[in-house]
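Here the structure comes first, spelled out in structure tokens, and everything after it is commentary.
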Amino acid sequence: MALLSESKIAIIGAGKMGETLIGSLLEAKAVSKDDMVATAKHEERVAIISKKYGVRSTTDNRDAVKSADVVILCVKPQAVREVLDEIKNTVAVKQLLISIAASVSTAYWEKHLGKNVPVVRTMPNTPCLIRKGMTAICPGQYASDDHLRRAEDIFKQLGKTIILDEKYMDAATGLSASGPAFIYIVIESMAEGGVKVGLPRAIATELAAQAVFGGASMVLETREHPALLKDGVTTPAGCTIDGIMELEEGGLRVTLIKSVVKATQRASELIENN
Ligand SMILES: NC(=O)c1ccc[n+]([C@@H]2O[C@H](COP(=O)([O-])OP(=O)(O)OC[C@H]3O[C@@H](n4cnc5c(N)ncnc54)[C@H](OP(=O)(O)O)[C@@H]3O)[C@@H](O)[C@H]2O)c1
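Letter by letter, the sequence shown follows residues 10 to 283 in our numbering.
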């Protein structure tokens, strides 16, 4: 396949995540404005995207797909069937179709397209908005290593990427895509603790967020097991162990485990994959 910078990209469904892709690909100069087209359901949204990014935008999905090398589907899972029915006669096997829709399997795309179109399923998360995201990527049965690399080239503009077997994609959704929401609650709650012991709220929020950022960076950069890093903070008879006892009594650990399990279950139910 051609280089990303030489490809024409169609973003179908320029909502929150679609706009993130448009903004990041343009900012990174990975794709030029002239090589990008975006669609949305409503004319108002189309006008906003055109004005903000200077890319051609339309409500006509077929027209957008026609001239693209790579089609990125960014509609909600519930809108996938409608879009599929609209574009299936326009999509060609020489194109690469990338989906960011939760729950929708590559087999579903392939079956409803009715031809051997290379499909790559991805699961980004909202920190992609500031290019600090994580995107899980898996190939459909007609996608080659070149197609996977192309998808990686795109999502690397938004943060990190990881290639997974498709059987892990719902779990990646429950952990990596829902995870930021869980962590916002952790940050908010730690900041409330700071407020309770007298810190101004803005300072408490900054300290809590930086503690999460620093902790996450330690895990990623040292590659130490989180339990060992926790032990390193926990001085005998110090203050951290008293805090940890409260966490254990409150069931934080099991609550977080269950939250990922539930979100994963829900990720497999958003649409019926048949
Ligand atoms: N949000 C997340 O954290 C996240 C993370 C990973 C993956 N995802 C996946 O990303 C996808 C989009 O999520 P989102 O949060 O970006 O949703 P969103 O903000 O609601 O965006 C969806 C976009 O699709 C457009 N649309 C709806 N029907 C359409 C149609 N028939 N043709 C063309 N465009 C159409 C909508 O247009 P209008 O604006 O004109 O209505 C809207 O701009 C979902 O499948 C979700 O599973 C989301």
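Even for Gly, the Cβ is constructed at its ideal location relative to N, Cα and C.
Could you compute how far the alpha carbon of residue i sits from the alpha carbon of residue j?
{"i": "Pro203", "j": "Ala217", "result": "Checking the sequence shown, residue 203 turns out to be Gly, not Pro. Cα-Cα distance, rounded: 8 Å."}
{"i": "Ala152", "j": "Val128", "result": "6 Å"}
{"i": "Gly241", "j": "Gly259", "result": "22 Å"}
{"i": "Leu173", "j": "Ala145", "result": "6 Å"}
{"i": "Ser268", "j": "Phe191", "result": "8 Å"}
{"i": "Thr249", "j": "Leu256", "result": "11 Å"}
{"i": "Ser187", "j": "Ser114", "result": "18 Å"}
{"i": "Val284", "j": "Ala116", "result": "Because the chain spans 10 through 283 in this model, residue 284 falls outside it and cannot be assessed."}
{"i": "Val221", "j": "Ser76", "result": "44 Å"}
{"i": "Gly290", "j": "Arg54", "result": "The chain is shown only over 10 to 283; residue 290 falls outside these bounds and no answer can be derived."}
{"i": "Ala211", "j": "Met45", "result": "40 Å"}
{"i": "Arg65", "j": "Glu278", "result": "34 Å"}
{"i": "Leu35", "j": "Tyr62", "result": "8 Å"}
{"i": "Ile52", "j": "Val89", "result": "Inspection of the sequence shows that residue 52 is occupied by Glu rather than by Ile. So the two alpha carbons sit approximately 19 Å from each other."}
{"i": "Asp78", "j": "Lys17", "result": "5 Å"}
{"i": "Arg232", "j": "Gly223", "result": "13 Å"}
{"i": "Thr243", "j": "Pro235", "result": "12 Å"}
Can you check which of these residues, the options, is closest to residue i by C-alpha distance?
{"i": "Ala213", "options": "Phe222, Ile171, Ile196", "result": "Ile196"}
{"i": "Asp179", "options": "Arg130, Ser16, Gln219, Lys169", "result": "Arg130"}
{"i": "Cys147", "options": "Tyr177, Ala37, Ile81, Val80", "result": "Tyr177"}
{"i": "Gln274", "options": "Arg262, Leu184, Pro209", "result": "Leu184"}
{"i": "Val80", "options": "Asp72, Ala111, Pro86", "result": "Asp72"}
{"i": "Lys165", "options": "Lys38, Trp118, Val89, Val126", "result": "Lys38"}
{"i": "Asp69", "options": "Gly22, Leu35, Lys120", "result": "Gly22"}
{"i": "Gly24", "options": "Gln150, Ile58, Leu34", "result": "Ile58"}
{"i": "Ile280", "options": "Ile18, Ile96, Trp118, Leu35", "result": "Trp118"}
{"i": "Asp43", "options": "Glu52, Glu230, Asn125, Ser14", "result": "Ser14"}
{"i": "Gln150", "options": "Glu215, Thr170, Lys120, Gly142", "result": "Lys120"}
{"i": "Leu122", "options": "Ala110, Met132, Asn98, Met143", "result": "Asn98"}
{"i": "Lys141", "options": "Leu261, Thr170, Lys124", "result": "Thr170"}
{"i": "Val40", "options": "Ala19, Ala56, His51", "result": "Ala19"}
{"i": "Gln219", "options": "Ala200, Leu35, Lys60", "result": "Ala200"}
{"i": "Val74", "options": "Ala236, Pro209, Val92", "result": "Val92"}
For residue i, list the residues DSSP reports as bridge partners.
{"i": "Pro235", "result": "Answer is none; Pro235 lacks a bridge partner."}
{"i": "Ala145", "result": "Met132, Ile171"}
{"i": "Ile18", "result": "Met45, Val79"}
{"i": "Ser108", "result": "Leu82, Arg130"}
{"i": "Thr67", "result": "Thr48"}
Notebook entry, point to check: Quick one, what's near ligand 1 if you take every residue whose CB is closer than 6 Å to any heavy atom, in chain order?
Noted result: Ile21, Gly22, Ala23, Gly24, Lys25, Met26, Gly27, Thr48, Ala49, Lys50, His51, Arg54, Asn70, Cys83, Val84, Lys85, Pro86, Ala88, Glu91, Val92, Ile109, Ala110, Ala111, Met132, Pro133, Asn134, Thr135, Ala186
Item checked: Three or more C-beta pairs below 8 Å linking the stretch 120 to 138 and the stretch 16 to 31 -> As far as the Cβ criterion goes, the stretch 120 to 138 touches the stretch 16 to 31, which means the pair count is three or higher.
Check: Is the stretch 149 to 165 touching the stretch 103 to 112 in the sense that three or more CB pairs, one from each, lie closer than 8 Å?
Finding: yes
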